[in-house]
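Written out below as structure tokens is the structure these notes cover.
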Ligand SMILES: NC(=O)c1ccc[n+]([C@@H]2O[C@H](COP(=O)([O-])OP(=O)(O)OC[C@H]3O[C@@H](n4cnc5c(N)ncnc54)[C@H](OP(=O)(O)O)[C@@H]3O)[C@@H](O)[C@H]2O)c1
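What follows is the structure, encoded as structure tokens:
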């Protein structure tokens, strides 16, 4: 069985980036001496599914930040070739969430890191997320790209744990109830 997993940071008011994509408010709070569990999380992941917004942010880095395979869901990018430096690491696809997960399951993937606000929202709506680790940064940015959005029905969560870091980050782990 394949499952989706979220590991993401938000402002206290629930945004993952400013409207223009800026995440400096988040990066500036990152204390490299603090271990927030990303390495433990990513080591059990077979690969990532992300939206075009997250891909376009990641590809701006000098170094591609992921060593696991990445499937980018995007109608705009799907017909285009993957940039040369990312061949073998990244694929573009316009599959819908369930079809993407079925395809990845067929390739032997079991645990998928689902990243990006709009992508997380659509995977949640389709019941494809098993759990979420959400790290809240103690800042209110007022507007931006939200982690959560409209849902057809309530999505019930089970609180698993919460850690408070000396930097003020508050990280909560939730399981999504079926
Ligand atoms: N705070 C954090 O931890 C964190 C983590 C990840 C990303 N970010 C930031 O968040 C921003 C990106 O998030 P985002 O919410 O704007 O975009 P996103 O979810 O990464 O990507 C959304 C795009 O994905 C495509 N897409 C394909 N299938 C989709 C589906 N089923 N549902 C929704 N979208 C689908 C659409 O592009 P097409 O029109 O091409 O189909 C859509 O515009 C970036 O600025 C990034 O830096 C922050």
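In this note's numbering, the protein residues as written are 1309 to 1486. We treat Cβ as the ideally placed atom computed from N, Cα and C, and that holds for glycine. All of these numbers come straight from a predicted model, not from anything done at the bench.
For this session: Please list the segments of the alpha helix (DSSP H) lying wholly inside the stretch 1354-1401, counting only runs of 4 or more residues, in order along the chain.
Result: Every alpha helix (DSSP H) of 4 residues or more that sits fully in the stretch 1354-1401 is shown, in chain order, as 1360-1366.
Problem set entry | Integer Cβ distance of residue 1420 from residue 1310, believed to fall under 8 Å | Counted from its first residue, the chain shown places residue 1420 at position 112. Counted from its first residue, the chain shown places residue 1310 at position 2. Yes, they are in contact, since the Cβ atoms of residue 1420 and residue 1310 sit about 6 Å apart, within 8 Å.
For this session: Mind listing, in chain order, the continuous beta strand (DSSP E) runs of no fewer than 3 residues lying wholly within the stretch 1421-1446?
Result: Qualifying beta strand (DSSP E) stretches, in chain order: 1437-1445.
For this session: Use the C-beta contact count for residue 1469: other C-beta atoms within 10 angstroms, 16 or more gives buried, fewer gives exposed.
Result: Counting from one through the chain shown, the residue named residue 1469 turns up at place 161. Burial call: exposed.
Exercise. Where do the N-terminal and C-terminal ends of the beta strand (DSSP E) with residue 1458 fall, by residue?
Worked result: One-based indexing of the chain shown puts residue 1458 at position 150. Counted as a single uninterrupted DSSP element, the stretch harbouring residue 1458 is not any beta strand (DSSP E), since DSSP gives it neither H nor E.
For this session: State whether the stretch 1437-1446 contacts the stretch 1472-1479, with contact taken as three or more CB pairs (one from each stretch) at a distance under 8 Å.
Result: Yes: at least three Cβ pairs fall under 8 Å.
Exercise. Between the stretch 1372-1390 and the stretch 1317-1333, do at least 3 Cβ pairs fall closer than 8 Å?
Worked result: They do not touch, by the three-pair rule.
Problem set entry | beta strand (DSSP E) segment containing residue 1465, residue limits | Here residue 1465 corresponds to residue number 157 of the chain shown, with the count starting at 1. DSSP places residue 1465 in the uninterrupted beta strand (DSSP E) bounded by 1465-1472.
Problem set entry | Through-space distance from residue 1394 to residue 1483, alpha-carbon basis | If you number the chain shown from 1, residue 1483 lands on position 175. If you number the chain shown from 1, residue 1394 lands on position 86. Taking the straight line from one Cα to the other gives about 33 Å.
Problem set entry | Residue closest to residue 1357, alpha-carbon to alpha-carbon, out of 1451, 1339, 1400 | Locating residue 1357 in the chain shown gives position 49, where the first residue counts as 1. It is 1400.
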